Structure formats: C-alpha cells, structure tokens
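A.B. asks: Protein chains in written order, with numbering that gives the first Met the number 0: chain A, 0 to 152; chain B, 0 to 152.
Idealized CB from N, CA, C, for every residue including glycine.
Bear in mind that the values here come from a model prediction, so they are computed numbers and not experimental data.
Sharing a structure here in structure tokens format.
There are 2 protein chains.
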Amino acid sequence: MKLSQRGEYALRALLVMGMNHGPGVIRIKDIAQQQNIPRRFLEQILNDLKSAGFVQSKRGVAGGYRLQRGPGEISLADIIRHLEGPLAPVGCVSVNYYQRCSCPDEGKCAIRSVMQEVRDAIVGVLEGVTVAHLCDRVRDLQGPLENPLDYVI
Amino acid sequence: MKLSQRGEYALRALLVMGMNHGPGVIRIKDIAQQQNIPRRFLEQILNDLKSAGFVQSKRGVAGGYRLQRGPGEISLADIIRHLEGPLAPVGCVSVNYYQRCSCPDEGKCAIRSVMQEVRDAIVGVLEGVTVAHLCDRVRDLQGPLENPLDYVI
DNA sequence: ACAATACTTGACTCAATCAGTCGGGATTCT
DNA sequence: AGAATCCCGACTGATTGAGTCAAGTATTGT
Chain A
0 MKLSQRGEYA LRALLVMGMN HGPGVIRIKD IAQQQNIPRR FLEQILNDLK
50 SAGFVQSKRG VAGGYRLQRG PGEISLADII RHLEGPLAPV GCVSVNYYQR
100 CSCPDEGKCA IRSVMQEVRD AIVGVLEGVT VAHLCDRVRD LQGPLENPLD
150 YVI
Chain B
0 MKLSQRGEYA LRALLVMGMN HGPGVIRIKD IAQQQNIPRR FLEQILNDLK
50 SAGFVQSKRG VAGGYRLQRG PGEISLADII RHLEGPLAPV GCVSVNYYQR
100 CSCPDEGKCA IRSVMQEVRD AIVGVLEGVT VAHLCDRVRD LQGPLENPLD
150 YVI
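Here is the structure:
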C-alpha cells in the first residue's frame with residue numbers, strides 16, 4: 000500500500016470534517032486554505048468522496064461539505080481502499096480486489112504466503128482506525144491548547 | 000508498499016537461486032523458462048540485483064548466476080527496499096528513504112502516527128523473512144514430493 | 001429578481017513510472 | 001575459432017499521478 004498525494008489530501012480533508020463534525024458544513028475553500036491543498040484538486044477529490052458516500056454536500060451560498068456517516072463509522076481501510084485500490088502488496092492476496100497471478104498453484108506459493116502476512120498486518124492497523132480515532136489522536140498529540148480551534152492537522 | 004511485476008520476478012528468481020544454492024551457477028535462461036519470465040526483462044533485473052550485491056555472476060559458456068551471500072542473510076525487506084524504494088506508505092515515516100512532508104509539525108500529525116504503525120507492521124513481517132525462510136516455506140507447502148527436484152515456485 | 005457564492009462535471013496537460021524489447025559488445029569454455 | 005552466456009544502454013508504448021481549466025447548475029441573501 001502506497002499513499003498518493005491525492006490520498007493524503009483526502010485523509011486530511013476528512014480529518015478536518017471530523018474535527019468539526021456537526022449539523023453544519025465546511026467550505027471547500029476553507030479546507031484548501033487550512034491544509035494547503037490546491038483548491039481545484041481538492042474539489043475533484045471531495046467529489047469522489049461524495050459519490051463514494053463518505054461525505055455529503057450542500058450547494059449555494061452557505062454551502063460546503065460534511066461527513067455523511069459519523070466519524071466513528073468510517074475506517075481508514077475503507078477510505079484508502081476506495082482511493083488507492085488494494086491494500087495488499089499483490090493482487091493475489093487482496094480480498095476486495097483479488098486478481099489471480101501467474102504462479103501455477105497459489106496455495107503452494109511461498110511468496111504469496113508472506114505477502115498474505117503483510118496484507119494482514121496492514122489491514123489489521125487500518126481497519127482498526129476510524130476518523131474518530133484520528134480526531135482523538137490529534138487532541139492527544141497536541142495536548143491542551145490555548146484556543147480550542149487552533150489545532151493543526 | 001506495492002510489489003511491482005519487476006519486484007515479483009526478482010523474488011521468484013532469488014527463490015530459485017536459494018533453492019539451488021551451492022557452488023555452481025544457474026543460467027538466466029533456465030530461471031526465465033521455469034518461472035515464465037521474459038528473458039530480456041529478467042536480464043535487466045538480475046543485473047540490478049548484481050550491482051546491489053545480492054547475486055554474483057559468471058560469464059561465458061558455463062556461466063550464470065548465484066546468490067552472493069547465504070540465503071539466510073538476505074531479508075525480503077532488503078530486497079524490496081532496493082527494488083521498490085520505501086516500504087513505508089508515506090515518505091515521512093520511512094527510515095531508509097525519509098522525506099519530509101508538508102505538514103507543519105510531524106510530531107503532532109495524527110495521520111503520520113497511524114502510517115508509522117502501518118510501516119512498523121510491514122517492516123516487522125519483511126525484516127523477519129529471509130530467502131532461506133522462503134525456501135523452507137516452499138518445502139513445507141509442497142509437502143513430500145515424489146521427485147525432490149519437482150518443486151514449483 | 002438577481003448577483004454572488006459554491007459545488008459539479010468532464011476534458012485536458014505534463015511528467016514520471018512500468019513493463020518490456022532490442023542491438024550489439026565482452027567473456028569464457030571447448 | 002566459435003558457440004554459449006552474461007553485459008549494457010537506448011528505446012517504446014501504455015498507464016498513472018498531480019494538477020488545471022472552463023463552463024456549467026443550485027442556493028440564498030438583499
């Protein structure tokens with residue numbers, strides 16, 4: 000699994016939305032400025048996240064984006080799978096994006112059995128972390144802030 | 000970490016050399032045929048593995064390749080790092096290929112802290128497996144064979 | 001009503017990487 | 001000498017990554 004720039008931007012944007020989760024929406028422009036993400040590119044990314052059901056949007060003057068489900072219900076594994084494809088290092092051990100490889104018998108392939116372990120290790124971490132967990136980490140790592148809105152992501 | 004075709008071919012070739020480890024060499028052509036790897040491409044790959052010190056070669060009529068160090072001294076982590084670059088999903092948590100990212104304070108970055116865990120999980124598996132371990136797995140997985148030279152990789 | 005604000009959609013560019021291919025050169029064994 | 005084998009650099013064609021851009025459509029404050 001390799002996280003592209005696009006993927007990193009997406010996570011950062013989702014984290015901002017997680018930290019500000021509530022009934023209201025956040026403008027694309029604000030996220031872009033706060034996180035130093037090219038605005039046009041972020042539009043594209045949020046659009047993608049929207050059609051995947053991670054966020055919802057509101058148009059017009061007071062428009063913006065917010066998380067569709069609660070931050071505790073979105074795992075990093077889900078997000079990254081949607082954005083980057085397989086978490087596994089090779090297709091033949093991927094559960095969600097399985098792709099047969101050229102070896103004659105997968106059950107007897109030693110390389111595959113190692114890659115299986117790598118996959119499980121990656122998925123183990125990523126399935127266990129939700130956007131809500133990420134928000135907790137932000138608060139933990141940054142300790143008590145003077146201004147509670149001053150957090151940095 | 001994503002394993003490219005090139006990387007998979009390299010592992011397969013090293014595994015063949017591990018299974019046949021001894022004073023003699025193996026011809027590129029034989030590896031290519033046995034493993035269904037385009038010969039010219041494999042030449043390129045083995046050349047790379049040679050300049051990295053994983054294998055050594057002998058030219059001329061009875062020429063070929065063999066492992067330079069013992070199969071127990073080459074970890075998959077070493078091989079893949081050389082072939083594919085960083086094992087870590089993002090540069091800012093890579094030990095061997097560190098690259099600063101754009102966030103203002105890495106120590107306080109929640110995403111980074113998760114990616115750190117992913118990296119550790121991947122490295123944990125890959126540092127622990129050597130070519131010799133892979134050979135053991137081949138033998139385990141394939142059980143007792145009629146002809147001891149009949150193994151498949 | 002209507003202008004301003006924001007999201008929406010699809011096409012487009014530019015550079016880098018991947019997966020090979022190819023031609024010919026250098027060595028070594030017989 | 002001649003065949004087998006590795007050695008090396010250049011080349012190609014397809015795909016992906018990171019953005020950019022233009023012209024929409026929807027919403028709302030005044």
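1) 8 Å is my cut-off, CB to CB: does A:N19 come that close to chain B?
2) If the criterion is Cβ atoms closer than 8 Å, does the pair B:L2 and A:V89 meet it?
3) From the DSSP output, in three-state form, read off A:R58 for me.
4) Throw me the rounded Cβ distance for the B:Y97 and B:G84 pair, which I believe falls under 8 Å.
5) The stretch 19-48 of chain B: which residues have C-beta closer than 7 Å to a C-beta of chain A, in chain order?
6) Please name the residues in the stretch 64-90 of chain A whose beta-carbon is closer than 7 Å to at least one beta-carbon of chain B, in chain order.
7) In chain A, which residues lie with their C-beta within 9 Å of the C-beta of B:K57?
8) Could you spell out the range, first to last residue, of the alpha helix (DSSP H) harbouring A:R80?
9) In this structure, how does DSSP classify B:I44 when only helix, strand and coil are distinguished?
10) Output the distance between the C-alpha atoms of A:H81 and B:Q34, rounded to the nearest integer angstrom.
11) So, is B:F40 buried or exposed, given that buried needs 16 or more other C-beta atoms within 10 angstroms?
12) Sort A:G127, A:V137, A:D29 by Cα distance to A:R65 and report the nearest one.
13) For B:G21, name the three-state secondary structure that DSSP assigns.
14) Have a look at B:C102, B:Q67, B:D104 and flag the residue whose alpha-carbon is nearest the alpha-carbon of B:A51.
15) Restricting to Cα atoms, I'd like to know which of B:P37, B:R38, B:L45, B:M0 is closest to B:L14.
16) Label B:M77 either buried or exposed according to how many other C-beta atoms from any shown protein chain fall within 10 Å of its C-beta, with 16 as the threshold for buried.
17) At the level of alpha carbons, what is the spacing between B:S101 and B:R26?
18) Please name the residue in B:M16, B:A109, B:M0 whose C-alpha comes closest to that of B:C134.
19) Go through its chain and collect everything with a Cβ distance to A:G23's Cβ below 6 Å, but skip five positions before and after it.
20) Assign B:A61 to buried or exposed, taking buried as 16 or more other Cβ atoms, counted over all protein chains shown, within 10 Å of its Cβ.
21) Distance, Cα to Cα, B:R38 vs A:A109?
22) If you follow the alpha helix (DSSP H) that B:G63 is in, where does it begin and where does it stop?
23) Within the same chain, show all residues whose beta-carbon is closer than 7 Å to that of B:A9, passing over the 5 residues directly before and after it, in chain order.
24) By the 10 Å Cβ neighbour count, where 16 or more other Cβ atoms means buried, how is B:G63 classified, buried or exposed?
25) Is there a C-beta anywhere in chain A that falls below 8 Å from the one on B:G52?
26) For A:R136, decide whether its Cβ has a neighbour in chain B, counting only Cβ atoms nearer than 8 Å.
27) Show which residues of chain B have a CB atom less than 8 Å away from the CB atom of A:V124.
28) Would you verify that the beta carbon of B:E7 is, or is not, closer than 8 Å to some beta carbon of chain A?
C.D. replies: This is what the structure gives:
1) False, the Cβ-Cβ gap to chain B never drops below 8 Å.
2) Yes, the Cβ-Cβ distance between B:L2 and A:V89 is below 8 Å.
3) Here A:R58 sits in coil by DSSP.
4) Contact flag wrong, Cβ pair sits at about 12 Å.
5) For the stretch 19-48 of chain B, residues whose beta-carbon sits nearer than 7 Å to a beta-carbon of chain A comprise N35.
6) Contact annotation: in the stretch 64-90 of chain A, residues whose CB is within less than 7 Å of a CB in chain B are L75, P88, V89.
7) The premise fails here: B:K57 is roughly 26 Å from chain A at the closest Cβ pair, so nothing lies under 9 Å.
8) From DSSP, the alpha helix (DSSP H) with A:R80 extends over 75-83.
9) Residue state, collapsed to three classes: helix.
10) In this structure, the alpha-carbon of A:H81 lies about 33 Å from that of B:Q34.
11) By the C-beta density criterion, B:F40 is exposed, having fewer than 16 other C-beta atoms within 10 angstroms.
12) A:R65 has its Cα closest to that of A:D29, out of A:G127, A:V137, A:D29.
13) Residue state, collapsed to three classes: coil.
14) For the residues B:C102, B:Q67, B:D104, the minimum Cα distance to B:A51 belongs to B:Q67.
15) Comparing Cα-Cα distances from B:L14 to each of B:P37, B:R38, B:L45, B:M0, the minimum goes to B:L45.
16) Looking at the sequence itself, residue 77 of chain B is Asp, so the reference to Met does not match. Counting Cβ neighbours within 10 Å, B:D77 comes out buried, since at least 16 surround it.
17) Roughly 48 Å between the two C-alpha positions.
18) With distances taken between Cα atoms, B:C134 lies closest to B:M16.
19) For A:G23, where only same-chain residues beyond five positions count, there are no Cβ hits under 6 Å.
20) With fewer than 16 Cβ atoms within 10 Å of its Cβ, B:A61 is classed as exposed.
21) C-alpha separation (whole angstroms): 22 Å.
22) Looking at the DSSP string, B:G63 is not in any alpha helix (DSSP H); the run it does join, the beta strand (DSSP E), is 63-66.
23) Residues of the same chain with a CB within less than 7 Å of the CB of B:A9, apart from the 5 flanking positions on each side, are I44, L48, I78, L82 in chain order.
24) Counting of Cβ neighbours within 10 angstroms places B:G63 among the buried residues, the total reaching 16 or more.
25) By this cut-off, B:G52 is not an interface position.
26) So, interface residue.
27) Simply V113, E116, V117, A120.
28) Using beta-carbon distances, B:E7 counts as an interface residue toward chain A, with a partner under 8 Å.
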